[in-house]
Each structure stands twice: as structure tokens, then as C-alpha cells.
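Here's the structure we're looking at; comments come further down.
There are 2 protein chains.
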Amino acid sequence: MIPSRSEINQLHAQLCSALSDPIRITILYALAEQPLNVSQLTEHLQAPQSTVSRHLGILRASGLVTFIRLGRQVQYTLADQRTIEALDTLRGILHDRASRHASLLEPPQ
Amino acid sequence: MIPSRSEINQLHAQLCSALSDPIRITILYALAEQPLNVSQLTEHLQAPQSTVSRHLGILRASGLVTFIRLGRQVQYTLADQRTIEALDTLRGILHDRASRHASLLEPPQ
DNA sequence: TGGTTATATCCGCATAACCGGATATTGTAA
DNA sequence: TTACAATATCCGGTTATGCGGATATAACCA
Numbered sequence: 778m779i780p781s782r783s784e785i786n787q788l789h790a791q792l793c794s795a796l797s798d799p800i801r802i803t804i805l806y807a808l809a810e811q812p813l814n815v816s817q818l819t820e821h822l823q824a825p826q827s828t829v830s831r832h833l834g835i836l837r838a839s840g841l842v843t844f845i846r847l848g849r850q851v852q853y854t855l856a857d858q859r860t861i862e863a864l865d866t867l868r869g870i871l872h873d874r875a876s877r878h879a880s881l882l883e884p885p886q
Numbered sequence: 778m779i780p781s782r783s784e785i786n787q788l789h790a791q792l793c794s795a796l797s798d799p800i801r802i803t804i805l806y807a808l809a810e811q812p813l814n815v816s817q818l819t820e821h822l823q824a825p826q827s828t829v830s831r832h833l834g835i836l837r838a839s840g841l842v843t844f845i846r847l848g849r850q851v852q853y854t855l856a857d858q859r860t861i862e863a864l865d866t867l868r869g870i871l872h873d874r875a876s877r878h879a880s881l882l883e884p885p886q
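Given below as C-alpha cells:
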């Protein structure tokens with residue numbers, strides 16, 4: 778069954794919406810450095826454990842992270858480095874936007 | 778004023794959430810080909826005009842598109858080609874996921 | 001088994017996002 | 001001006017998303 782263009786856009790949008798939360802973005806960048814378990818992420822994010830777990834559930838459901846149980850911890854791993862690539866590309870847009878605004882405040886050379 | 782990391786992530790998430798709708802994704806890919814006015818987009822999307830206009834408003838607010846009035850039309854343009862770059866990167870993830878699933882259904886070589 | 005730790009899920013509530021018909025606004029041309 | 005075309009905004013209703021305390025589940029240890 779070949780997915781229609783609109784079905785692809787639907788999935789594409791779902792993937793983007795998994796990225797559209799500051800906590801989830803923070804989690805993804807943290808996991809890009811190294812796999813981490815829920816306690817470590819909770820510590821790093823300074824957010825309630827249930828909140829972190831909920832966001833991890835969303836990232837899991839979207840396939841952006843994988844996890845394995847290690848004893849009583851659950852360790853999460855970034856599933857695909859391209860996620861960071863895409864986030865970095867978008868961050869580049871923000872960066873340029875910011876520096877353009879900043880330059881308006883500077884005196885002309 | 779240097780934005781904090783969490784402020785950046787907030788903006789980053791806002792940018793992603795502008796991408797997290799199938800209609801807006803379709804609009805962005807269409808504008809990547811050429812600038813289009815609202816009527817042309819409405820025709821292309823086969824959606825109510827008010828819906829298209831609302832989505833364009835969101836893309837405008839997020840800075841992903843720009844527009845100029847040409848007579849009584851308003852022509853929209855993709856603001857930054859990197860938007861498509863990021864979308865394509867994410868689409869690559871989807872693509873690989875799909876072909877991985879598909880290969881499970883194929884008989885082994 | 002009983003207790004403790006790590007994580008996930010539940011729940012009620014608050015906020016945000018989407019939809020599309022109806023209406024307002026803006027521009028053009030007769 | 002009046003009429004029409006193109007676009008934006010309003011409105012009310014529905015659905016999705018986020019929050020975090022409380023609770024359930026799973027694994028480990030004594």
C-alpha cells in the first residue's frame with residue numbers, strides 16, 4: 778500500500794509536532810550527547826518526573842527515541858541523528874533572525 | 778539581551794509547531810517551487826479559503842513566509858530555503874522507517 | 001515476603017489549536 | 001459611487017495538548 782501524498786504530510790506533521798515542545802527539544806539535545814535514563818533527564822530538566830515521563834512517552838510514540846530497561850532504570854537513546862540535524866537547521870534560521878534584529882540596534886559601521 | 782537556553786528552546790519549539798500541520802507543510806512545499814497567491818494555494822489545496830488564510834497567517838506570524846500585495850492579490854513567498862531542508866531531513870527519517878517496514882513484508886533474498 | 005526505588009499512567013483541569021461558514025476589509029474597475 | 005473580486009478576520013464549537021499530584025506497575029534487595 779503506497780501512502781498518498783496527504784498521508785505522508787500527515788505523518789510529516791506528526792513528526793514535527795513531536796518536536797514542538799521546549800522540554801522535548803531539550804531532551805533530544807541531551808540524548809544526542811549520550812543515552813540517559815529518566816532520573817538523569819528529570820535532574821537535567823528540573824521538571825516533575827511525571828512531566829518528563831509524559832514527554833518521553835510522546836517521543837517514544839513518534840519513534841524519535843528508543844529505550845531499554847537496565848535493571849530498574851529505563852535508558853533512552855536518540856533513535857536517529859538526523860533529528861538533531863533538522864533541529865540544527867531550524868535553529869540556524871532562528872540564529873540568523875536574531876542576529877539580523879541585533880544588527881539593527883547596533884550603530885552603523 | 779542574550780536569550781537564555783530555555784528561551785531559545787521556546788522559540789525553537791514555536792518554529793516546529795508552525796511546521797506541525799499537514800496543510801502548512803503542503804503550503805511550504807508549494808511555495809518552495811514558486812511564489813503563489815491565496816487563490817492559487819486555495820485551488821492547490823482544495824480547502825476552504827478561510828482555512829488557507831488562517832494557515833498562512835500562522836506561517837506569516839512564525840516568519841516562515843513573506844508576502845507582498847500585488848493589486849488585489851497577496852503573493853506569498855518562502856522566507857528561507859532551510860525550512861525545506863529541515864523538512865526534507867525529517868522526511869528522510871519517515872522514508873527510511875517506511876522502507877524498513879516494507880522490507881519486513883518482502884520475502885528474504 | 002515486605003520495603004524501596006525507578007518509571008509509567010491516571011485524573012481533573014486549563015489552555016491552545018483547528019475548523020469552516022459568515023462577515024469585514026481592501027483594492028480595482030465600470 | 002457602486003459593484004465585484006481577493007483576502008483576512010470573526011465566531012462558536014470541537015478536539016488536542018499540557019500540567020503535575022496521586023497512584024499504579026515493575027524491578028531489585030533484605
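So the protein lines, in turn, are chains A and B. Under the working numbering, the residue at position 1 of the first sequence is numbered 778, and the numbers go up by one with no gaps. Under the working numbering, the residue at position 103 of the second sequence is numbered 880, and the numbers go up by one with no gaps. Cβ atoms here follow ideal geometry from the backbone N, Cα and C, with glycine treated the same way.
Could you work out which residue in the options is closest to residue i when comparing CA atoms only?
{"i": "residue 843/B", "options": "805/B, 867/B, 849/B", "result": "805/B"}
{"i": "residue 857/B", "options": "862/A, 864/A, 873/A", "result": "873/A"}
{"i": "residue 824/B", "options": "880/A, 868/A, 883/A, 783/A", "result": "783/A"}
{"i": "residue 849/B", "options": "785/B, 803/B, 816/B, 883/B", "result": "816/B"}
{"i": "residue 869/A", "options": "838/B, 819/B, 859/B", "result": "859/B"}
{"i": "residue 785/A", "options": "879/B, 875/B, 880/B, 881/B", "result": "875/B"}
{"i": "residue 861/A", "options": "781/A, 780/A, 807/A", "result": "807/A"}
{"i": "residue 787/A", "options": "880/B, 881/B, 883/B, 871/B", "result": "871/B"}
Does any CB atom of chain B fall closer than 8 Å to the CB of residue i?
{"i": "residue 878/A", "result": "no"}
{"i": "residue 809/A", "result": "no"}
{"i": "residue 881/A", "result": "no"}
{"i": "residue 871/A", "result": "yes"}
For residue i, decide whether its Cβ has a neighbour in chain A, counting only Cβ atoms nearer than 8 Å.
{"i": "residue 799/B", "result": "yes"}
{"i": "residue 804/B", "result": "no"}
{"i": "residue 852/B", "result": "no"}
{"i": "residue 781/B", "result": "no"}
Is it buried or exposed for residue i, if we count other Cβ within 10 angstroms and need 16 for buried?
{"i": "residue 821/A", "result": "exposed"}
{"i": "residue 831/B", "result": "exposed"}
{"i": "residue 847/B", "result": "exposed"}
{"i": "residue 845/A", "result": "exposed"}
{"i": "residue 801/A", "result": "buried"}
{"i": "residue 833/B", "result": "buried"}
{"i": "residue 863/A", "result": "buried"}
{"i": "residue 877/B", "result": "exposed"}
{"i": "residue 841/A", "result": "buried"}
{"i": "residue 836/B", "result": "buried"}
{"i": "residue 866/B", "result": "buried"}
{"i": "residue 818/B", "result": "buried"}
{"i": "residue 803/A", "result": "buried"}
Three or more C-beta pairs below 8 Å linking the stretch 785 to 796 of chain A and the stretch 795 to 809 of chain B:
yes
Three or more C-beta pairs under 8 Å: does that hold for the stretch 853 to 868 of chain B against the stretch 800 to 814 of chain B?
yes
At a Cβ cut of 9 Å, what residues of the stretch 854 to 868 of chain A count as close to chain B, listed as they run along the chain?
856, 857, 859, 860, 862, 863, 864, 865, 866, 867, 868
Interface positions of the stretch 818 to 850 of chain A facing chain B (Cβ-Cβ less than 7 Å), listed along the chain:
Hits within the stretch, in order: 840.
Just by C-beta distance, which residues in the stretch 786 to 798 of chain A are closer than 9 Å to chain B?
786, 787, 788, 789, 790, 791, 792, 793, 794, 795, 796, 797, 798
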